[in-house]
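Heads up: the structure comes next, in structure tokens.
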Amino acid sequence: MARELIQAIRQSRYLTPAGTRNAFNALLLVLCLQWLYACPEKTIIPVMGAQPYDWNPYLFWDCPWLTNGEKHKGIDIIKKYGTPILASTHGIILYSGDLGKYGKAMIILSPGLRFHLYGHMSRMNRFVFPLVLRGTEIGAVGNTGTSDCPHLHYTIFSPLPDFRLFEKNNSGWLKMFFLNPHEVLTQQ
Ligand SMILES: [Zn+2]
32 MARELIQAIR QSRYLTPAGT RNAFNALLLV LCLQWLYACP EKTIIPVMGA QPYDWNPYLF
92 WDCPWLTNGE KHKGIDIIKK YGTPILASTH GIILYSGDLG KYGKAMIILS PGLRFHLYGH
152 MSRMNRFVFP LVLRGTEIGA VGNTGTSDCP HLHYTIFSPL PDFRLFEKNN SGWLKMFFLN
212 PHEVLTQQ
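Throughout, this note's numbering is defined as the position within the sequence shown, counted from one, plus 31.
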């Protein structure tokens with residue numbers, strides 16, 4: 032009986048190397064999500080040494096250089112090329128790579144189910160495990176993608192709409208899904 036049981040366990044597809052790895056990854060993901068859920072959301076300015084006067088708070092939504100009614104949906108933190116970019120919150124790196132007009136970009140999921148986009152980076156640090164703590168250096172300020180000068184484009188997106196932000200105009204509904212990083216970074 033014992034021998035049959037061992038045989039059955041050995042033959043189980045869950046105990047193949049790939050199956051074990053998948054189960055391990057799933058467990059790790061669940062633990063990470065739990066960790067994110069339990070973490071308080073505190074946000075720091077994501078460029079080393081930057082202060083609120085390093086970005087224009089009025090350019091969060093409407094931006095003079097964007098045409099066709101496109102909205103900016105973020106702030107541009109202007110700092111010297113190569114200045115370290117820091118994770119503004121704890122989080123999981125969901126994406127790290129080329130993202131069209133945002134150039135070299137990273138998307139990090141933080142507590143409160145918020146997605147933080149870091150764009151125009153000159154370089155991106157590599158992580159063996161995609162978990163970052165608030166203040167971890169993730170890359171450096173650059174000029175990649177559609178950008179005229181070295182800066183960090185920083186957007187905070189929430190899949191849970193804030194209905195108070197709804198506006199009766201063309202892209203007013205979109206506003207419900209984006210937090211104003213200026214407010215998030217300065218009102219804590
Ligand atoms: Zn921008």
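All C-beta atoms, glycine included, are put in the ideal place defined by N, C-alpha and C.
Assuming the contact rule is C-beta atoms closer than 8 angstroms, I116 and I169 should be a hit. Round their C-beta distance to whole Å, please.
Counting from one through the sequence shown, the residue named residue 116 turns up at place 85. Counting from one through the sequence shown, the residue named residue 169 turns up at place 138. Taking 8 angstroms as the upper bound for CB-CB distance, I116 and I169 are in contact here, some 6 angstroms apart.
Going by other Cβ atoms of all chains shown within 10 Å of its Cβ, with 16 needed for buried, is R145 buried or exposed?
For this step, residue 145 is matched to residue 114 along the sequence shown. That one is buried.
Please list, following the chain, all residues that have a C-beta closer than 5 angstroms to any non-hydrogen atom of ligand 1.
Cβ atoms closer than 5 angstroms to ligand 1 belong to D107 and H184.
Exposed or buried, what is L140 when buried is set at 16 or more other beta-carbons lying within 10 Å of its beta-carbon?
Here residue 140 corresponds to residue number 109 of the sequence shown, with the count starting at 1. Under this definition L140 is a buried residue.
On the three-pair Cβ rule with 8 angstroms, is the segment 109–125 touching the segment 190–202?
With fewer than three CB-CB distances shorter than 8 angstroms, the segment 109–125 does not count as touching the segment 190–202.
Measure the alpha-carbon distance for N87 versus G150 and round it to whole angstroms.
Within the sequence shown, the letter at position 56 stands for residue 87. Within the sequence shown, the letter at position 119 stands for residue 150. Cα to Cα, N87 sits roughly 16 angstroms from G150.
Taking all protein chains shown into account, decide if P212 is buried (16 or more other Cβ within 10 angstroms of its Cβ) or exposed.
As a working note, residue 212 is residue 181 in the sequence shown. P212 comes out buried.
First and last residue of the beta strand (DSSP E) that includes A136?
For this step, residue 136 is matched to residue 105 along the sequence shown. Per DSSP, A136 belongs to the beta strand (DSSP E) from K135 to S141.
Could you tell me the alpha carbon to alpha carbon distance between I123 and L97, rounded to whole angstroms?
The residue you call residue 123 lines up with position 92 of the sequence shown. The residue you call residue 97 lines up with position 66 of the sequence shown. Approximately 30 angstroms, taken between the alpha carbons.
Starting from the C-beta of G166, find all residues in its chain whose C-beta is less than 8 angstroms away, skip the five residues before and the five after it, and write them out in chain order.
Along the sequence shown, read from residue 1 onward, the residue named residue 166 stands at position 135. Result list for G166: I75, L117 and A118, in chain order.
Using only the alpha-carbon positions, how far apart do T120 and S178 sit?
As a working note, residue 120 is residue 89 in the sequence shown. As a working note, residue 178 is residue 147 in the sequence shown. Cα-Cα distance, rounded: 25 angstroms.
What three-state label does DSSP hand Y112 in the structure shown?
The residue labelled residue 112 in the question sits at position 81 within the sequence shown. Look at Y112 here: in three-state DSSP terms it is coil, with no helix or strand label.
Can you grab the Cα-Cα spacing for the pair G3 / L183, in whole Å?
Look at the range of the chain in this structure, 32 to 219, and you will see that residue 3 is not part of it.
C-alpha gap between W204 and G143, whole angstroms
Here the question's residue 204 lines up with position 173 in the sequence shown. Here the question's residue 143 lines up with position 112 in the sequence shown. Pairing W204 with G143, the inter-Cα distance amounts to about 21 angstroms.
Using a threshold of 7 angstroms, state whether the C-beta atoms of G131 and T175 are closer than that.
Working through the sequence shown from its first residue, we reach residue 131 at position 100. Working through the sequence shown from its first residue, we reach residue 175 at position 144. In this structure, T175 does not lie closer than 7 angstroms to G131 by Cβ.
Beta-bridge pairing of V172 - partner residues as DSSP gives them:
For the purposes of this step, residue 172 is taken as residue 141 along the sequence shown, with counting starting at 1. DSSP output for V172 lists M152 as bridge partner(s).
Enclosing alpha helix (DSSP H) for T217 [first to last residue]
If you number the sequence shown from 1, residue 217 lands on position 186. That run of the alpha helix (DSSP H) goes P212 to T217.
Alpha carbon to alpha carbon, how far is F55 from V61?
Here residue 55 refers to the residue found at position 24 of the sequence shown. Here residue 61 refers to the residue found at position 30 of the sequence shown. Take the alpha-carbon of F55 and the one of V61: they are about 10 angstroms apart.
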